[in-house]
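Quick note on the working numbering: the sequence shown kicks off at 32 and runs consecutively.
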Amino acid sequence: MTLRALRLLWRGSFALGRRRTLRSCSVVADHLESRQLLSAITASFASTQDTSIYQNDIDTSNGGGQFIVAGGGARGLVRFDLSIPSGSTILDAVLTMNVGASSGGTSGVSVHRITTAWGEASSDAAGDEQLGAAAQPFDATWLHSFYDGALWGSPGGDYSGTSASAAVGDVGAYEWIGGGLIDDVQQWVDDSASNFGWLIQSAGGIKSFLSSDNPAASLAPLLEVTYEPPPAPPAIVEGRLWNDLNGDGVKADPVLSSLGLAAVNNNTYFNVFGGSEYWFRSTADSHWYYLTADGQLTKWSGASRTLSGTAVTTLDPLFYQQPGLVTQQTGEAEPWLNGWTVQLLNGQGAVVQTAVTSGRDMNGDGAVDPETEGGWYRFEVAADESFTIRQIVPTGWTETARIEAETSGTSEEGVNSLDLYFRTSYYQNFGKQNEKWMYSDDGGWHYILPNGRLYKWNRLPITATAPLTGTFVAQLGTEYYSDPAAAFSQQQTGGGTEQQQLTRIDFGNRQSQTVSGRTWLDFYDNGIRDTVQLLPNIYVVYPTEPLAAGEEWFYDTENSDWYIVNVDGRIRYWGVNEIDTGGFERPPDGGTTQLEFVQSEIEPWLNGRTMQLVDQQGTVVATTVTRSIDLNADGVIQYESERGWYVFEDVPVGQYEVRMVGQTGWKQTAPVSGDLATAVALDGQFGFRSTASDFQNWGGRNERWVIDRSNQWYYVLSDGSLYRWQVGSRESNGGLKGTLVASLPPSFYSNLALLTDPDLSHLSVTVEQDQQPIELFFGAHQFLSDVLNAN
Numbered sequence: 032m033t034l035r036a037l038r039l040l041w042r043g044s045f046a047l048g049r050r051r052t053l054r055s056c057s058v059v060a061d062h063l064e065s066r067q068l069l070s071a072i073t074a075s076f077a078s079t080q081d082t083s084i085y086q087n088d089i090d091t092s093n094g095g096g097q098f099i100v101a102g103g104g105a106r107g108l109v110r111f112d113l114s115i116p117s118g119s120t121i122l123d124a125v126l127t128m129n130v131g132a133s134s135g136g137t138s139g140v141s142v143h144r145i146t147t148a149w150g151e152a153s154s155d156a157a158g159d160e161q162l163g164a165a166a167q168p169f170d171a172t173w174l175h176s177f178y179d180g181a182l183w184g185s186p187g188g189d190y191s192g193t194s195a196s197a198a199v200g201d202v203g204a205y206e207w208i209g210g211g212l213i214d215d216v217q218q219w220v221d222d223s224a225s226n227f228g229w230l231i232q233s234a235g236g237i238k239s240f241l242s243s244d245n246p247a248a249s250l251a252p253l254l255e256v257t258y259e260p261p262p263a264p265p266a267i268v269e270g271r272l273w274n275d276l277n278g279d280g281v282k283a284d285p286v287l288s289s290l291g292l293a294a295v296n297n298n299t300y301f302n303v304f305g306g307s308e309y310w311f312r313s314t315a316d317s318h319w320y321y322l323t324a325d326g327q328l329t330k331w332s333g334a335s336r337t338l339s340g341t342a343v344t345t346l347d348p349l350f351y352q353q354p355g356l357v358t359q360q361t362g363e364a365e366p367w368l369n370g371w372t373v374q375l376l377n378g379q380g381a382v383v384q385t386a387v388t389s390g391r392d393m394n395g396d397g398a399v400d401p402e403t404e405g406g407w408y409r410f411e412v413a414a415d416e417s418f419t420i421r422q423i424v425p426t427g428w429t430e431t432a433r434i435e436a437e438t439s440g441t442s443e444e445g446v447n448s449l450d451l452y453f454r455t456s457y458y459q460n461f462g463k464q465n466e467k468w469m470y471s472d473d474g475g476w477h478y479i480l481p482n483g484r485l486y487k488w489n490r491l492p493i494t495a496t497a498p499l500t501g502t503f504v505a506q507l508g509t510e511y512y513s514d515p516a517a518a519f520s521q522q523q524t525g526g527g528t529e530q531q532q533l534t535r536i537d538f539g540n541r542q543s544q545t546v547s548g549r550t551w552l553d554f555y556d557n558g559i560r561d562t563v564q565l566l567p568n569i570y571v572v573y574p575t576e577p578l579a580a581g582e583e584w585f586y587d588t589e590n591s592d593w594y595i596v597n598v599d600g601r602i603r604y605w606g607v608n609e610i611d612t613g614g615f616e617r618p619p620d621g622g623t624t625q626l627e628f629v630q631s632e633i634e635p636w637l638n639g640r641t642m643q644l645v646d647q648q649g650t651v652v653a654t655t656v657t658r659s660i661d662l663n664a665d666g667v668i669q670y671e672s673e674r675g676w677y678v679f680e681d682v683p684v685g686q687y688e689v690r691m692v693g694q695t696g697w698k699q700t701a702p703v704s705g706d707l708a709t710a711v712a713l714d715g716q717f718g719f720r721s722t723a724s725d726f727q728n729w730g731g732r733n734e735r736w737v738i739d740r741s742n743q744w745y746y747v748l749s750d751g752s753l754y755r756w757q758v759g760s761r762e763s764n765g766g767l768k769g770t771l772v773a774s775l776p777p778s779f780y781s782n783l784a785l786l787t788d789p790d791l792s793h794l795s796v797t798v799e800q801d802q803q804p805i806e807l808f809f810g811a812h813q814f815l816s817d818v819l820n821a822n
């Protein structure tokens, strides 16, 4: 580490030590100092004023001289303009001056903070400048701070005690350091109007320091300041939540929906009449409408080059920030959502702030309009902070949209251009909106509302029937309402707090429901979940073969056959029922041997079937598999009530179809039945589609052709028989051949769409906001021939 760096570290520690009571006492001092030094800024400033005043000739000065003289009855004056942000903490200050001429040996030279403004003109002493030149108007002299008008309070200058002192000898560079300098600079930063610089005096010999007018300008007085800038003003992150009833991701406005505003020639005209307005044409009445920054939508009067007309409505500010949203409005009003929780997460994903959406009195009228002022949340974050915004979506709702917009407030330059100033009074609530007033010589009266929105008054009379109105100028923030001087004090000083940065994030939400239902093993292939009563007409007892966990016996009354149904509802053939009860005695759980008669049975629920949820565009939006669900949470799956369920959660409002995917060896029997069920099953299994031609009679049997999702060809004969084509076969080379897939009615030959696009309209389910959708139950029949062949 260099000596210069060590000295800076020491000075920083010294400065922090003086202010340590302002810091958290739980932080180790050395660590705190290191942190602040790492975030500190060091800036150098050359002198902007310097001169000498002379006791032996009270009407002389040296404003244009090459030296600043201290000693022998002379005193030097030096001042620096500081461009350091207000609110900064001064950590170190070093004053460097170069001696160009010296007499009288080493002397103590001290600097003192000047407490009165003083001037520098063109007086230029001759020779070694130890004697001054005749003072010019506005020069500082021994008696005058400004010659020959304002006097010092005391001859020789108005100044405080010693801020710093250094032993100064021969020609060379010298530095003044210490807490006094730090305090002086801190005062000047906190109150720039008190910056009058330092007075320099020598306790012994005469020391001539090079001035800013010296040809060696690089050796003029230099002030080096190390400071920690103030924390950046917080950035505002805010937004609104709405009920996206139609799920289109756009907040619907009923007025805009009725007007049907559109951009003309695909161009949203802007600032045509100089009011920063956007223009639209109504498809409903063919009139022109314009939107201004305050959110006011106006039906234009037609007066050339004039922004005049009839106010229609006040829109959310987001419409002005993103005018494309104006042209997207359809449907009924969609309300804003109050009472929803929104969270702010830091860069590590931890929740650091929580807000609840509520109404905000934007216009200060003492009431909250649900349409224009509802559903707001708001956070303040550090300007350089990484963050994420998320909402807590309640059960039964789905997020449909996230709209982000940068809505940064007016810049400092923009505020300065207004030239606002305080004029006698803030005239608070003159317009009955609890507003405060400021004046601009060019723009007239402006007012700021409690929400921080600044308006230019339109000069219209304010009455009970005609409330205060104006043109929106800027979103300044609530701190400017609390202290309106902040909006124009920075104009006078060039400093002040930077405008807060605003980020707008809106969320659309759509209420959703759960779509559910069940599938069962339709053993008897009739689309009905049958319950069969066996006794007293049929004498049947269970076989004695032990079953695996979850398996059940199922008796085919039509053929006197036994089947075993596993936990997923799938069946396998066991054998023929025997009349001889001696070999079919099943001991009960109690252990005593007795006959256990089959009294009744019901077709079982079926797990493991793939189900799809399809939207109105034909897109599969969700897929699930039927399964067992422990509905009563008792840890045991009830065979009758808790098996065979399919569940689609968080389904938005709308129309859907529920499909059961086809499977080889099975057909769907319900909620459709018969041939249509077969077509649905085939479509789910193979995904048939038509091509540009049905290639009728290509194979020589007057057949018609379709293709499946795997590009395998099939043909349908005039009797409705569907075959998978044996590649290469044709009447011309041995006959058209294929494998029979299904036997359908002749109508499927006449209309291939019955096969490629089976009608599923009666499988649709409607999801509404306040009503649980109906449950659809699907029957699936396993071809018994396949079961028997498997055994």
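Note that beta-carbon positions come from the ideal geometry of N, C-alpha and C, so glycine has one too.
Please read all numbers here as calculations on a predicted model, not as lab measurements.
C-alpha distance - residue i paired with residue j, whole-angstrom precision
{"i": "residue 806", "j": "residue 548", "result": "5 angstroms"}
{"i": "residue 498", "j": "residue 335", "result": "27 angstroms"}
{"i": "residue 770", "j": "residue 753", "result": "8 angstroms"}
{"i": "residue 452", "j": "residue 458", "result": "13 angstroms"}
{"i": "residue 117", "j": "residue 72", "result": "14 angstroms"}
{"i": "residue 97", "j": "residue 170", "result": "15 angstroms"}
{"i": "residue 558", "j": "residue 699", "result": "8 angstroms"}
{"i": "residue 278", "j": "residue 798", "result": "12 angstroms"}
{"i": "residue 502", "j": "residue 489", "result": "7 angstroms"}
{"i": "residue 192", "j": "residue 221", "result": "20 angstroms"}
{"i": "residue 418", "j": "residue 455", "result": "44 angstroms"}
Strand pairing of residue i, partner residues [DSSP]
{"i": "residue 848", "result": "Nothing in the structure corresponds to residue 848, since the chain is present only between 32 and 822."}
{"i": "residue 686", "result": "797"}
{"i": "residue 853", "result": "No answer is possible for residue 853: it lies beyond the span of the chain, which begins at 32 and ends at 822."}
{"i": "residue 133", "result": "238"}
{"i": "residue 399", "result": "Partner(s): none; residue 399 has no beta bridge."}
{"i": "residue 720", "result": "738"}
{"i": "residue 691", "result": "642"}
{"i": "residue 377", "result": "418"}
{"i": "residue 729", "result": "The partner list for residue 729 (beta bridge, DSSP) is empty, contrary to what the question assumes."}
{"i": "residue 544", "result": "682"}
Candidates the options: closest to residue i by CA position
{"i": "residue 227", "options": "411, 196, 142, 162", "result": "142"}
{"i": "residue 299", "options": "352, 710, 332", "result": "352"}
{"i": "residue 777", "options": "750, 456, 594, 723", "result": "750"}
{"i": "residue 551", "options": "798, 752, 697", "result": "697"}
{"i": "residue 664", "options": "673, 656, 658, 657", "result": "673"}
{"i": "residue 487", "options": "209, 454, 325, 582", "result": "325"}
{"i": "residue 302", "options": "290, 312, 323", "result": "323"}
{"i": "residue 485", "options": "494, 784, 513, 71", "result": "513"}
{"i": "residue 654", "options": "378, 546, 755", "result": "546"}
{"i": "residue 637", "options": "575, 560, 695, 580", "result": "560"}
{"i": "residue 341", "options": "321, 731, 743, 159", "result": "321"}
{"i": "residue 494", "options": "460, 482, 469, 504", "result": "460"}
{"i": "residue 741", "options": "763, 716, 765", "result": "716"}
{"i": "residue 382", "options": "372, 212, 505", "result": "372"}
{"i": "residue 305", "options": "337, 291, 774, 330", "result": "337"}
First and last residue of the uninterrupted alpha helix (DSSP H) at residue i
{"i": "residue 211", "result": "210-221"}
{"i": "residue 387", "result": "Element bounds for residue 387: not the alpha helix (DSSP H) but the beta strand (DSSP E), 382-387."}
{"i": "residue 78", "result": "No alpha helix (DSSP H) contains residue 78, which DSSP labels as neither H nor E."}
{"i": "residue 784", "result": "784-787"}
{"i": "residue 780", "result": "778-781"}
{"i": "residue 349", "result": "348-352"}
Opening and closing residue of the beta strand (DSSP E) in which residue i lies
{"i": "residue 288", "result": "No beta strand (DSSP E) holds residue 288; the alpha helix (DSSP H) holding it covers 285-290."}
Stretch pair the stretch 312-321 + the stretch 476-488: three plus CB contacts closer than 8 angstroms
no
If you pair each beta-carbon of the stretch 106-113 with each one of the stretch 73-84, do three or more pairs fall below 8 angstroms?
yes
Taking 8 angstroms as the threshold, find out whether the stretch 679-688 comes into contact with the stretch 706-722 through three or more Cβ pairs.
no
Counting pairs of beta carbons, one from the stretch 265-274 and one from the stretch 398-413, are three or more of them closer than 8 angstroms?
yes
Is the stretch 340-359 touching the stretch 282-302, taking contact as three or more C-beta pairs under 8 angstroms?
yes
So, do the stretch 245-256 and the stretch 133-141 have three or more beta carbon pairs nearer to each other than 8 angstroms?
no
Check whether the stretch 203-213 and the stretch 112-127 touch, using three or more Cβ-Cβ pairs below 8 angstroms as the test.
yes
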